[in-house]
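J.: Can you keep this structure in mind? I'll have questions shortly.
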Amino acid sequence: MLLYLGFAGFALATTLSSEFYGYHVWGAFAAVAFLAAAAFSAFNDRLALWLALGGGAVAPLAVLVFHRNAAAEDFTATPWTWSAQPDVWVIERSARLLLAHGTPYVDVTALGRAPDVNDYTPYGPLMTVFGLPRALFGDSPLTDARIMFALVAVGAILLSLRSLNWPRIPVPAAQLAAVSPLTMLTTTTSGEDAAVLALIVLTATLVITRRHGWAAVVAAAVVSIKLIALPAIVVLVVFMLARKHIAVFAAVLAGINVPVLLVDPGAFVEHAIRFPTGGAQVSSPASSPFPGHLLTELGPAGHVAALALLVVAGLAVVAWLFVRRPVTVADAFWRVVVGMGAAILLMPASRFGYLVYPMALIGSAVFFSSVEREPRSTTAITTRVTSANAG
Numbered sequence: 293m294l295l296y297l298g299f300a301g302f303a304l305a306t307t308l309s310s311e312f313y314g315y316h317v318w319g320a321f322a323a324v325a326f327l328a329a330a331a332f333s334a335f336n337d338r339l340a341l342w343l344a345l346g347g348g349a350v351a352p353l354a355v356l357v358f359h360r361n362a363a364a365e366d367f368t369a370t371p372w373t374w375s376a377q378p379d380v381w382v383i384e385r386s387a388r389l390l391l392a393h394g395t396p397y398v399d400v401t402a403l404g405r406a407p408d409v410n411d412y413t414p415y416g417p418l419m420t421v422f423g424l425p426r427a428l429f430g431d432s433p434l435t436d437a438r439i440m441f442a443l444v445a446v447g448a449i450l451l452s453l454r455s456l457n458w459p460r461i462p463v464p465a466a467q468l469a470a471v472s473p474l475t476m477l478t479t480t481t482s483g484e485d486a487a488v489l490a491l492i493v494l495t496a497t498l499v500i501t502r503r504h505g506w507a508a509v510v511a512a513a514v515v516s517i518k519l520i521a522l523p524a525i526v527v528l529v530v531f532m533l534a535r536k537h538i539a540v541f542a543a544v545l546a547g548i549n550v551p552v553l554l555v556d557p558g559a560f561v562e563h564a565i566r567f568p569t570g571g572a573q574v575s576s577p578a579s580s581p582f583p584g585h586l587l588t589e590l591g592p593a594g595h596v597a598a599l600a601l602l603v604v605a606g607l608a609v610v611a612w613l614f615v616r617r618p619v620t621v622a623d624a625f626w627r628v629v630v631g632m633g634a635a636i637l638l639m640p641a642s643r644f645g646y647l648v649y650p651m652a653l654i655g656s657a658v659f660f661s662s663v664e665r666e667p668r669s670t671t672a673i674t675t676r677v678t679s680a681n682a683g
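Residue 545 in this note's numbering sits at position 253 of the sequence shown, and the numbers go up by one each step.
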């Protein structure tokens, strides 16, 4: 009950303080949903989860996609009118650019004006898939990229559960991974992080169920969607798979990214690498006051210092992984939580919303711990890890 009351407080604070229209709508729905979940949690934990999910994600998402007026809202400087966060517009535009020019990335040096933040597409080339329905079929609530993200997220989770023979999900795992305010806020207003997280979970499930080739393929796809998934994927691929499957991962990753890179190498690097790391011509709007951003604000030396600290933190996590190799997926996820938490704090361009990753991955680690405690799962994963380490 107390957790849901805390979630309700977060939602209420969001709706009262945020300048974004979508956040207001989400906060109003979610505050009521979390209060209802708190009331029912003493009697029926499962019903409380469904109340939180339905009232805090499904209902506000439906309201926002049907309310959205792309012509009047997208690419404007009036956040109090935005039914979707800029992520959504940019992803949908990237699909149109891909169809027209073979690349989702604009050459910001050829605009004839100074570039601004809306000119950037800070995602991997596969992110454009989620914008294709709107690019192909026009503006409609059903072609909103958030609907595509939600469908992929739900599909990936259902496929994971089916592959694991429909295990019982611990309530704390669901609370942290699925119905936390951060997860439901991103699902409602932007959506891409929910899909990325679900695909990370699917990758882990494929590792557990010894579908290693498919795990490598999905892992490459996730990294090609959003680079922030890289720490989790590196741990799962490098430390949990054999060399031949690492080669599959590398081949699929190259197959997705190299064709787009060759169309315009400069634009690819500017958008997909330099912008997320704070080195592009335009500063990222991701500017939460975490240590990495505060250092970057000091100037070029501060930016270098932030990147250096990020590298040191990454090397420390890698060393930890080599010294004590993960032997289960849950074990790997706990290492990822530490690594991603450090990365979010130290990245030159970061935001509070990125904390959805460590929070959801903690929930995922709790879930996989319960799955891997079963004798059959434990045997399978031990056999697999031994084989992978030998390969």
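We treat Cβ as the ideally placed atom computed from N, Cα and C, and that holds for glycine.
These numbers were taken from a predicted model, which means no experiment stands behind them.
Short of 7 Å in beta carbon distance, which residues of its chain neighbour V493, apart from the five on each side in sequence? Order them along the chain.
T.: A448, I449, S452 and S656
J.: In the structure shown, what three-state DSSP assignment does S579 receive?
T.: strand
J.: Quick one, which of P577, L343, G394 and A564 has its alpha-carbon nearest P551's?
T.: G394
J.: In chain order, what residues of the same chain lie with their CB nearer than 7 Å to the CB of L637, ignoring the 5 residues before and after it?
T.: F582, P583 and G584
J.: Between V446, R503, A364 and V400, which lies nearest to T479 when the distance is taken from Cα to Cα?
T.: V446
J.: Please work out which residues of its chain come closer than 8 Å, Cβ to Cβ, to T569, disregarding the five sequence neighbours upstream and downstream, and give them in chain order.
T.: L599, M639, P640 and A641
J.: Rounded to whole angstroms, what's the CA-CA distance from H316 to S310? Just pull it up for me.
T.: 7 Å
J.: Helix, strand or coil for S472 per DSSP?
T.: coil
J.: Alpha carbon to alpha carbon, what distance is there between W318 and A303?
T.: 8 Å
J.: Unbroken alpha helix (DSSP H) runs of length 4 or more, entirely within the region 405 to 475: which are they?
T.: 424 to 429, 437 to 455 and 463 to 469
J.: Mind listing, in chain order, the continuous alpha helix (DSSP H) runs of no fewer than 4 residues lying wholly within the region 588 to 659?
T.: As far as the region 588 to 659 is concerned, its whole alpha helix (DSSP H) runs of at least 4 residues are 592 to 615 and 621 to 638.
J.: Which one of H537, P417 and T413 has the shortest CA to CA distance from L553?
T.: P417
J.: Using the Cβ count rule (16 or more neighbours within 10 Å means buried), how would you classify W381?
T.: buried
J.: Pick helix, strand or coil for F312, following the three-state DSSP scheme.
T.: coil
J.: Compute the distance between the beta-carbons of Y313 and W372, then report whether it is under 9 Å.
T.: yes
J.: Do you know whose CA, among V555, V530 and V463, lies nearest V610's CA?
T.: Ranking the options by Cα distance to V610, first place goes to V530.
J.: Go through the region 509 to 542 residue by residue and report every complete run of the alpha helix (DSSP H) that reaches 4 residues or more, in order.
T.: 522 to 532
J.: Find the nearest neighbour of P352 within the set Y415, D337, A442 and F332, judged by alpha-carbon distance.
T.: A442
J.: Check for me: the alpha helix (DSSP H) holding T558 runs from which residue to which?
T.: The residue you asked about is not Thr; residue 558 is Gly in the sequence shown. Here the alpha helix (DSSP H) through G558 covers P557 to F560.
J.: Assuming L647 contacts V629 (C-beta within less than 8 Å), just tell me the rounded distance between them.
T.: Not a contact, Cβ separation roughly 11 Å.
J.: Taking A635 and A605 to be in contact with their CB atoms under 8 Å, please state how far apart those CB atoms are, rounded to whole angstroms.
T.: 7 Å
J.: DSSP state of L403, grouped into three classes?
T.: coil
J.: How far does the alpha helix (DSSP H) with H563 in it extend, from its first residue to its last?
T.: No alpha helix (DSSP H) holds H563; DSSP gives it neither H nor E.
J.: By alpha-carbon positions, which one of M419, G404, N361 and W374 ends up nearest to S430?
T.: According to the sequence shown, residue 430 is Gly rather than Ser. When each option's Cα is compared against that of G430, the closest is N361.
J.: Roughly how many whole angstroms lie between the Cα atoms of A263 and I500?
T.: What is shown of the chain runs 293 to 683, which leaves residue 263 out entirely.
J.: Could you pull the start and end residues of the alpha helix (DSSP H) that T367 belongs to?
T.: Here residue 367 turns out to be Phe, not Thr, going by the sequence shown. Taken as a continuous stretch (DSSP letters only), F367 belongs to no alpha helix (DSSP H), as it is neither H nor E.
J.: Could you give the first and the last residue of the continuous alpha helix (DSSP H) run that contains E666?
T.: Per DSSP, E666 belongs to no alpha helix (DSSP H) and is neither H nor E.
J.: Report, in whole angstroms, the separation of the C-beta atoms of I548 and E484, which I expect to be a contact under 8 Å.
T.: In fact, because the Cβ distance is near 16 Å, the residues do not count as touching under 8 Å.
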